[in-house]
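So the structure is just underneath, and the comments pick up after that.
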Amino acid sequence: MSAEILSNLKKALRDYDQEGCIVWAQKAVAEGVDPLKATEALMEVMQEVGDGFTRGDFFLPDLIAAGSTMTAATSILNAEIKKRGLQRRSMGTVVIGTVFGDIHSIGKDMVGTLLAAAGFTVHDLGIDVKAEQFITAVRQHQPDILAMSALLTTTAKEQKVVIEALKKEGLREKVKVMIGGGAIDQTFANSIGADGYAPTAPEGIVLAKSLSGK
Amino acid sequence: MAMKGFIRKFKPLEILSEEQFQAIHKATLDVLQNVGIRIEHKRALQLLEKNDCQVDYTNMRAKFPPGLVEECLQKCPSSFRVKARDPQNDLIMGGNTIYFGPAPGKQTVNLDTWEPREATRKEAYEGLTILDALPNVHFLPSYTPYFGFEGLPPVMRIPEICAAKLRNTTKWFFEGYSNDCEIFVIQMAQALGIDIMESVLASPPLTFYGETVECAFRLAEAGMPGRVLPGAVCGATAPATIAGSTVTANAEIIAGVVLLQLMRPGMRVEVKDFTFPQNMRTGSPAFANIGVSLHGVLFAQIWRRYGIPSGMTTAYPSSKIPDFQCGYEKAIIALMAALSGVNLQLVQGAIHGELTHHPVQAIIDDDLVGMIGRFLEGVEVNEETLALDLIAQVGPIPGEYLSKEHTRKWWRKEQFVPQVADTWTYPEWIKRGKKSAVDYAKEKMDQILATHKPTPLTPNQEKDIERILEDARTFYKEKGML
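Protein sequence lines correspond, in order, to chains Y and C.
Under the working numbering, the first residue of the first sequence carries the number 79, and numbering increases by one thereafter.
Under the working numbering, the first residue of the second sequence carries the number 358, and numbering increases by one thereafter.
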């Protein structure tokens with residue numbers, strides 16, 4: 079029974095079938111399937127999609143659809159994990175968002191989904207995220223990494239505002255900051271005191287692994 | 358079931374006005390009736406004389422009355438099926454369907470120096486495996502991929518290449534003729550129960566040699582389809598003008614069509630434009646000259662009016678390497694031909710003219726053909742594609758379409774995703790070693806050869822083919838040609 083549920087859960091994610099994924103996640107909980115095993119099953123599929131995207135065999139609509147389908151199922155499974163007092167094995171925790179004034183989500187979504195596929199716990203704050211929202215999220219989730227995206231040269235400097243706010247709140251030493259986006263390069267990353275920059279989403283995942291030290 | 362090919366969903370490109378079309382048509386009939394065509398074959402001349410042509414046996418010249426021309430053009434089927442080894446690969450020629458095939462080369466090239474050299478048997482067989490695997494190769498022409506291979510005596514080239522195609526692809530193909538080899542090609546087709554079309558080739562200006570007419574008789578007797586084409590060079594074997602060389606080419610092709618229809622009424626015939634301007638620097642055909650496109654677009658328009666399936670001059674580049682020149686030459690020739698409404702076109706694999714072919718180039722060109730094919734399929738406009746409900750649901754910013762099922766369903770249908778073109782961002786391109794389409798095509802070639810296995814002949818079919826090849830060897834030995 080458990081094997082059948084896991085196999086259906088994976089199939090629903092492969093089909094980007096959000097409703098199906100929710101139904102099978104709920105069934106997993108109802109039937110007493112280990113929520114960690116169910117999460118691992120989903121992670122296997124996410125890994126397939128993430129690797130396929132990095133190779134060029136999968137495309138953006140696949141990545142985004144897999145990401146949102148996965149999120150729908152994991153919110154159910156995470157509640158069960160918490161209820162049972164279990165701990166999900168994670169590569170680390172990441173808070174991610176596109177900075178204030180910038181509404182470009184694709185690059186951020188690519189990195190967020192690939193991070194989740196690689197086994198990170200990802201808290202996506204969305205787009206147009208103000209410095210104080212980042213600060214609140216860092217306090218709440220105590221992430222290993224804060225990841226920020228900016229596509230525009232006009233909004234890139236907002237990343238510096240967030241880093242300064244982290245310093246002011248005494249949080250800078252507690253979190254690694256990685257940045258990316260069309261307007262960013264290594265020189266800029268150095269100039270604002272970020273811990274890392276990557277030019278592409280797959281390289282961002284490599285960077286995150288190295289920053290989290292896991 | 359038959360090979361799908363591409364369906365052109367909009368009006369074809371036509372550049373002749375009605376007045377211009379009539380002028381060319383009239384001039385063509387004038388050449389046929391008053392100048393005539395030299396046909397170096399007594400039986401053919403007798404057949405023409407019996408059907409109201411005025412024949413001069415001393416000069417082997419026949420003059421064609423317009424009535425006979427009209428009658429024979431009407432006898433040709435406007436659409437017909439040709440049988441492949443795998444019925445799913447049959448072609449249905451005519452109408453708005455366009456099929457693409459590879460452009461063969463005499464030799465292969467060295468991938469490091471790009472210099473030509475003779476292919477080995479293994480390379481010829483591998484080249485066919487690649488063509489069997491490529492999704493936008495719908496059929497194979499004669500002499501493909503190479504005109505021969507190392508160690509092959511000249512008279513055995515066509516029979517051996519024909520056998521190689523049968524062994525390495527289930528796609529439909531046509532063949533050439535030379536030194537009576539059509540006897541054996543026809544036997545192979547009959548042994549497998551398939552159609553192999555062969556060329557009936559005019560030798561401009563206004564001449565058919567006996568050998569090609571003999572081939573035509575054999576095709577007609579066997580009930581095989583024929584393709585009539587003249588290989589003309591404007592300014593050398595045809596007038597330098599596009600209009601004038603269209604007149605001579607049409608007169609030559611019509612003479613061939615009349616002959617075939619008299620030999621076998623209703624015979625399946627495809628006609629091909631194979632005309633090049635002359636390269637006035639070197640004397641060779643000016644491959645990929647824009648005159649090729651002008652000639653081809655006229656040709657397609659005229660033969661659509663005559664109601665006979667047509668093919669257009671091959672996308673042969675002048676370039677010697679897969680560079681920018683090669684790309685624009687092929688793209689313009691292939692796109693113009695596709696828009697003009699021809700039914701068959703040769704694109705994949707040619708590197709320089711018909712002198713060289715390589716699978717790497719064929720793989721790159723398969724993307725070009727995919728792009729053109731996608732364009733031909735046009736735009737679907739209906740409730741679902743207009744997406745009015747979705748537009749209302751998404752609304753202005755922060756609405757977006759990337760996460761929508763509609764996008765997942767439609768993006769691949771609307772776009773064409775190339776197999777080997779470099780479409781990465783700068784950082785990805787650098788990370789991946791600054792690879793070009795040529796690099797990706799080399800990788801793809803290795804991958805196809807490692808994984809794709811063409812459907813082999815059955816042991817009995819293989820026995821038949823080997824026996825026919827042995828008969829051919831004996832035939833040429835007895836003639837002292839082997």
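For every residue, glycine included, the Cβ atom is placed at its ideal position computed from N, Cα and C.
In this text, all values refer to a predicted model and were calculated from it rather than measured experimentally.
For residue i, three-class secondary structure by DSSP
i, result
"Y/Q237", "helix"
"Y/Q96", "helix"
"C/K629", "strand"
"C/H714", "strand"
"C/Q818", "helix"
"Y/A139", "A small fix is needed here, since residue 139 of chain Y is Pro in this sequence, not Ala. Helix, per DSSP."
"C/P642", "strand"
"C/F504", "coil"
"Y/Y275", "strand"
"Y/T199", "strand"
"C/E371", "coil"
"Y/Q220", "coil"
"C/M620", "helix"
"Y/G185", "helix"
"C/F363", "strand"
"Y/G175", "strand"
Boundaries of the beta strand (DSSP E) in which residue i is found, first to last residue
i, result
"Y/G258", "254 to 258"
"C/P459", "454 to 459"
"C/I394", "394 to 396"
"C/P755", "C/P755 -> no beta strand (DSSP E), and no H or E assigned at all."
"C/W471", "Per DSSP, C/W471 belongs to no beta strand (DSSP E) and is neither H nor E."
"C/V585", "583 to 591"
"C/M669", "667 to 669"
"C/E532", "529 to 532"
Interface flag, residue i vs chain Y, CB-CB below 7 Å
i, result
"C/S793", "no"
"C/R765", "yes"
"C/P753", "no"
"C/P492", "no"
"C/E800", "no"
"C/P775", "no"
"C/P816", "no"
"C/E819", "no"
"C/L747", "no"
"C/L806", "no"
"C/E771", "no"
"C/S650", "no"
"C/E427", "no"
"C/P784", "yes"
"C/S760", "yes"
Test: residue i CB closer than 7 Å to a CB of chain C
i, result
"Y/T176", "no"
"Y/T278", "yes"
Residue i burial status per 10 Å Cβ neighbour count (16 or more: buried)
i, result
"Y/G282", "buried"
"Y/H182", "buried"
"Y/V284", "exposed"
"C/H809", "exposed"
"C/Q635", "buried"
"Y/Q165", "exposed"
"Y/Q237", "buried"
"C/N416", "exposed"
"C/M358", "exposed"
"C/S676", "buried"
"C/I748", "exposed"
"Y/A196", "buried"
The alpha helix (DSSP H) enclosing residue i, as first and last residue numbers
i, result
"C/I449", "Segment 448 to 450 is the beta strand (DSSP E) holding C/I449; no alpha helix (DSSP H) there."
"C/M554", "Segment 554 to 559 is the beta strand (DSSP E) holding C/M554; no alpha helix (DSSP H) there."
"C/M545", "539 to 549"
"C/Q379", "375 to 387"
"C/W786", "783 to 788"
Please identify, using Cβ separations under 9 Å, the residues of the region 133 to 160 of chain Y that lie next to chain C, in order along the chain. Residues of the region 133 to 160 of chain Y that bring their beta carbon within less than 9 Å of a beta carbon in chain C comprise G134, F137, L138, P139, D140, I142, A143, G145, S146, in sequence order.
Contact list for the region 81 to 96 of chain Y against chain C, Cβ threshold 8 Å: Of all residues in the region 81 to 96 of chain Y, those with a C-beta nearer than 8 Å to a C-beta of chain C are Y94, reading in chain order.
Between the region 380 to 399 of chain C and chain Y, which residues of the former have CB atoms less than 9 Å from a CB of the latter, in chain order? Listed in sequence order: no entries.
Selection of the region 181 to 214 of chain Y by Cβ proximity to chain C, strictly under 9 Å: Across the region 181 to 214 of chain Y, CB contacts with chain C closer than 9 Å involve I181, S183, I184, D187, G204, I205, D206, in sequence order along the chain.
What residues in the region 107 to 137 of chain Y bring their beta carbon closer than 9 Å to a beta carbon of chain C? Answer in chain order: G134, F137.
Can you give me, in chain order, the residues of the region 735 to 746 of chain C that have a beta carbon less than 7 Å from any beta carbon in chain Y? Those residues of the region 735 to 746 of chain C that come within reach of chain Y (Cβ to Cβ, closer than 7 Å) do not exist; the list is empty.
Given a limit of 9 Å on CB to CB distance, which residues of the region 257 to 291 of chain Y reach chain C? Going along the region 257 to 291 of chain Y in chain order, one finds A276, P277, T278, P280, E281 with a Cβ nearer than 9 Å to chain C.
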